[in-house]
Amino acid sequence: MSLSLRPLVFFSVLCAVTALAACNRSPGHGEHARSSDSYYVDIQQVPVRAQAPAAQPGASTGTWQSQCGRNENAHRNADNVVVQPGLPGGAHHTHDYVGNVSTDAFSTDQSLAAAGTTCRAGDRSTYYWPVLRLTDEPGGDAHTVGGGVDGNHGRIVQPDSVLVQLRGNPMSNVVAAPRFLRAITGNPVAVSQDGEHTEHVQWTCSGARDRVTKQYPRCAEGQQVIRVFDFPSCWDGKATDSTLHRGHLIFPAAGACPIGTFPVPQLHIEVAYSIPADAGYAIDSFPEEGRDPITDHAMAIGVMPEPLMAQAVACINGGRHC
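All the letters of the sequence shown, read from the start, carry residue numbers -21 to -1, 1 to 301 under mature numbering (1 follows the signal peptide of the UniProt record, and there is no 0).
Written as structure tokens, this is what we have:
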């Protein structure tokens, strides 16, 4: 395929896999398109969020943590094996990875199960999200769109820490998630889709965890910028993936999983960064999304061996923190 045709093919594939009505118009000019000046907010100007509903009798209140590092091995690429398998560079922006060390566009269930991992206890799952960059410092990638740069300039910031955790359900016990379950949270084309699937976009600061925003937060000196990714946790009991990568695994409603779905451990990821005061920073995005913070997203493929998943479920249902 010629480089001149690749962007057209890419955008057609993106429209197909995400069912974008927005693909029928110029991308990046939807209701939520905005200037970069509005991307930032002083965290103290963000309202304190409402407390989560109390756990009900029978809730699973434990947690299971996978120690997977913070991508010290610099595993990065512009692939997206969940949404665009077999298409190298299909994301047109760079992802940070923890967990499975082999993940790329050509990964399969078999290759992931056979690969090494940065996680302890043999968790070979792959977890990934767009890199974050300091936009006023030099840096960039070779990804191009239509012969031009993709706009994702700046120095990549190494996370200070990455928390990978499985959580319970506030209404009931959880059941084991199937191996090779694909999951997505957030929407990498949220600008073109006028904010669809952005309900769970969460940015905060280490010293203001009770304030959560969809904008890039300006944190007090000495505090970290934190991205929070909560994944859907109601499984249809049948498939490990679906046509648009969302139908087989959905979010609970007021804590309860809809009839016909089963509560599995909720994947919760937090990525923390040290950002200099007043520095320009932004995540990588598709060019037409303008690096808007509402496009933040993360993907995962669960490759925990079944005995390890059983241990996690027992810990969570038992109210322990493992």
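For each residue, glycine too, the CB sits at the ideal point set by N, CA and C.
| Asked | Found |
| --- | --- |
| Using a Cβ-Cβ cut-off of 7 Å (strictly less than) and excluding sequence neighbours within five positions of residue 194, which residues of its own chain qualify? | 18, 19, 20, 182, 272 |
| Taking only the alpha-carbon atoms, compute the straight-line gap between residue 76 and residue 206 and give it to the nearest angstrom. | 15 Å |
| What does the alpha-carbon distance come out to for the pair residue 244 and residue 295? | 8 Å |
| Sorted by chain position, which residues of the same chain lie with C-beta nearer than 8 Å to residue 28's C-beta, five sequence neighbours on each side aside? | 189, 190, 191 |
| For residue 238, which three-state DSSP category applies? | coil |
| How do the segment 211 to 225 and the segment 30 to 44 stand: do at least 3 beta-carbon pairs fall below 8 Å, yes or no? | no |
| Are there three or more Cβ pairs, one per stretch, closer than 8 Å when the segment 262 to 272 is compared with the segment 146 to 154? | no |
| If residue 170 sits next to residue 269, beta carbons under 8 Å apart, how far is it from one beta carbon to the other, in whole angstroms? | 6 Å |
| I need the boundaries of the alpha helix (DSSP H) containing residue 295, first residue and last residue. | 285 to 296 |
| Taking the alpha helix (DSSP H) that residue 92 falls in, what are its first and last residues? | 88 to 93 |
| Quick one: Cα of residue 24 to Cα of residue 197, how far? | 10 Å |
| Does the beta-carbon of residue 286 have 16 or more other beta-carbons within 10 angstroms, so that it is buried, or is it exposed? | exposed |
| Tell me whether the beta-carbon of residue 234 lies closer than 8 Å to the beta-carbon of residue 41. | no |
| Is DSSP giving residue 267 helix, strand or coil here? | helix |
| Which same chain residues, not among the five before or five after residue 164, have their C-beta less than 6 Å away from its C-beta? | 179, 208, 210, 277 |
| With residue 209 as the anchor, note down where its beta strand (DSSP E) starts and where it stops. | 204 to 209 |
| Taking residue 255 as the reference, give the member of 293, 202, 98, 152 with the closest Cα. | 202 |
| DSSP state of residue 23, grouped into three classes? | helix |
| Assuming residue 158 contacts residue 281 under a Cβ cut-off of 8 Å, what Cβ separation, rounded to an integer in Å, is found between them? | 6 Å |
| Would you say residue 61 and residue 161 are within 8 Å of each other, going by their C-beta atoms? | yes |
| Whole angstroms is fine: what's the gap from residue 88's alpha carbon to residue 26's? | 43 Å |
| Would DSSP call residue 299 helix, strand or coil? | coil |
| Buried or exposed, going by whether 16 or more other CB atoms sit within 10 Å of the CB of residue 131? | buried |
| Please report the Cβ distance between residue 349 and residue 104, rounded to the nearest whole angstrom; I am assuming they are in contact, meaning their Cβ atoms lie under 8 Å. | As shown, the chain starts at -21 and ends at 301. That puts residue 349 outside it, with no answer to give. |
| Give the list of continuous beta strand (DSSP E) stretches no shorter than 3 residues that lie fully inside the segment 168 to 221. | 181 to 184, 195 to 197, 204 to 209 |
| Inspect the beta-carbon positions of residue 84 and residue 66 and report whether they are closer than 8 Å. | yes |
| Would you kindly check if the distance between the Cβ of residue 92 and the Cβ of residue 288 is under 8 Å? | no |
| So, helix, strand or coil for residue 261, using DSSP? | strand |
| Using DSSP's beta-bridge definition, name the partner residues of residue 42. | 146, 300 |
| Looking at C-alpha atoms only, which residue of 43, 231, 247, 138 is the closest neighbour of residue 51? | 138 |
| Under the rule that 16 or more other beta-carbon atoms within 10 Å means buried, what is residue 115, buried or exposed? | exposed |
| Since residue 107 sits in a beta bridge, which residues does DSSP pair it with? | 76, 278 |
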